[in-house]
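Residue numbers (the working numbering): 3 to 254. Cβ atoms here follow ideal geometry from the backbone N, Cα and C, with glycine treated the same way.
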Ligand SMILES: C[S@@+](CC[C@H](N)C(=O)[O-])C[C@H]1O[C@@H](n2cnc3c(N)ncnc32)[C@H](O)[C@@H]1O
């Protein structure tokens, strides 16, 4: 069993357009906090081959192509893609086994991204092992996931329980995202920090850098309602992961 739990992917074709509309808003946390921090942790992509697993509509990987990535591939189960610019491949497929996605067998990538998508892998350890084996020399995985504390706080508020009760709960729960489409129910498996870190170890990866990105000062003033969300629910975790035995101590 996947230690970090796995969330069901089936609702995504229905949820995709609501998600992208919410993400495109000028006050979305993806625009204000997540993408700028993801972009920074990714570094210069000039001349690199990049694979975005669970790429949404593909606009992030398209931007990386515009910034110099020579191969830019996005994979998503929803199939709800922008028109791919020249040089960008957007493929409908399952991130649970990237090597089995049409056109990807035998290919190598310098950067493999799991941006808020890793939780949907059928087996997180296996998905990361497959991705690790698709990395080129000196390649890394950039993985971001919601702070597990956020769900625990939300559930404690909803259920009148405590943070610890919900953080250490193991039963799946239904989750509706009011900003995306509150008619669509996602089934989520709770996970703890140790679940997440043990998944990386079990997949043969080490953490080179971690971030817990926050709103820039100007955005805090401009969008206080979003700062209130960050203050209440913390945001996301970001990890740069390298295969064990590779890489060296870089500046974090
Ligand atoms: C929260 S969105 C994140 C999208 C994008 N990575 C971003 O950062 O904006 C999660 C994405 O994972 C995709 N997804 C869910 N299950 C998947 C699966 N099994 N294989 C591939 N993509 C999946 C969804 O369709 C959705 O686009």
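{"Asked": "Closest by C-alpha distance to residue 204, when choosing among 233, 99, 157 and 126", "Found": "126"}
{"Asked": "Residue 170 burial status per 10 Å Cβ neighbour count (16 or more: buried)", "Found": "exposed"}
{"Asked": "Cβ shell of residue 6 (< 7 Å), same chain only, five flanking positions each side left out", "Found": "Summary for residue 6: the model assigns pLDDT 49, below 50, so the residue's position carries little reliability; its value from the coordinates is reported in the next sentence. Result list for residue 6: 126, 193, 197, 198 and 201, in chain order."}
{"Asked": "Those runs of the alpha helix (DSSP H) which lie wholly inside the region 144-219 and span at least 4 residues", "Found": "150-161, 165-169 and 195-204"}
{"Asked": "Three CB pairs or more closer than 8 Å across the region 47-61 and the region 111-121", "Found": "yes"}
{"Asked": "Candidates 122, 183 and 65, of which the one nearest residue 145 by Cα", "Found": "122"}
{"Asked": "Residues with C-beta closer than 5 Å to any heavy atom of ligand 1, in chain order", "Found": "11, 14, 56, 58, 78, 79, 80, 96, 97, 117, 118, 119 and 122"}
{"Asked": "Ranges of the beta strand (DSSP E) found wholly within the region 98-138, counting only runs of at least 3", "Found": "111-117"}
{"Asked": "Residue from 12, 17 and 34 whose Cα sits closest to the Cα of residue 226", "Found": "34"}
{"Asked": "Contacts around residue 239, its chain only, beta-carbon distance under 8 Å, and the 5 residues preceding and following it disregarded", "Found": "146, 147, 148, 149, 198, 212, 213 and 214"}
{"Asked": "8 Å contact criterion, which residue 119 and residue 15 should meet: CB distance rounded", "Found": "Contact doesn't hold; Cβ gap of about 14 Å is too wide."}
{"Asked": "Cβ-Cβ separation, residue 92 to residue 111 (assumed contact under 8 Å), whole Å", "Found": "With a Cβ gap of about 15 Å, residue 111 and residue 92 do not count as contacting."}
{"Asked": "Whole-number beta carbon distance between residue 134 and residue 207, since they are thought to touch under 8 Å", "Found": "6 Å"}
{"Asked": "Whole-angstrom distance between residue 166 and residue 158, CA atom to CA atom", "Found": "9 Å"}
{"Asked": "Residues sharing a beta bridge with residue 240, DSSP", "Found": "146 and 213"}
{"Asked": "Range of the contiguous beta strand (DSSP E) that encloses residue 92", "Found": "90-94"}
{"Asked": "Under 7 Å between C-beta atoms of residue 90 and residue 69", "Found": "no"}
{"Asked": "From 217, 244, 249 and 242, residue whose alpha carbon lies closest to that of residue 2", "Found": "An answer regarding residue 2 cannot be provided, because it is not within the stretch 3 to 254 covered by the chain."}
{"Asked": "Through-space distance from residue 178 to residue 188, alpha-carbon basis", "Found": "6 Å"}
{"Asked": "Three-state secondary structure assigned by DSSP to residue 72", "Found": "coil"}
{"Asked": "Span of the alpha helix (DSSP H), counted from its first residue to its last, around residue 231", "Found": "226-235"}
{"Asked": "Cβ-Cβ separation, residue 17 to residue 132 (assumed contact under 8 Å), whole Å", "Found": "The Cβ separation is near 25 Å, so there is no contact."}
{"Asked": "Spatial neighbours of residue 152 in its chain, beta-carbon cut-off 7 Å, leaving aside the 5 residues before and after", "Found": "235 and 236"}
{"Asked": "Residue 53: first and last residue of the uninterrupted beta strand (DSSP E) it sits in", "Found": "51-55"}
{"Asked": "Local conformation of residue 77 per DSSP, three classes", "Found": "strand"}
{"Asked": "Pair within 7 Å by beta-carbon distance, residue 20 and residue 176", "Found": "no"}
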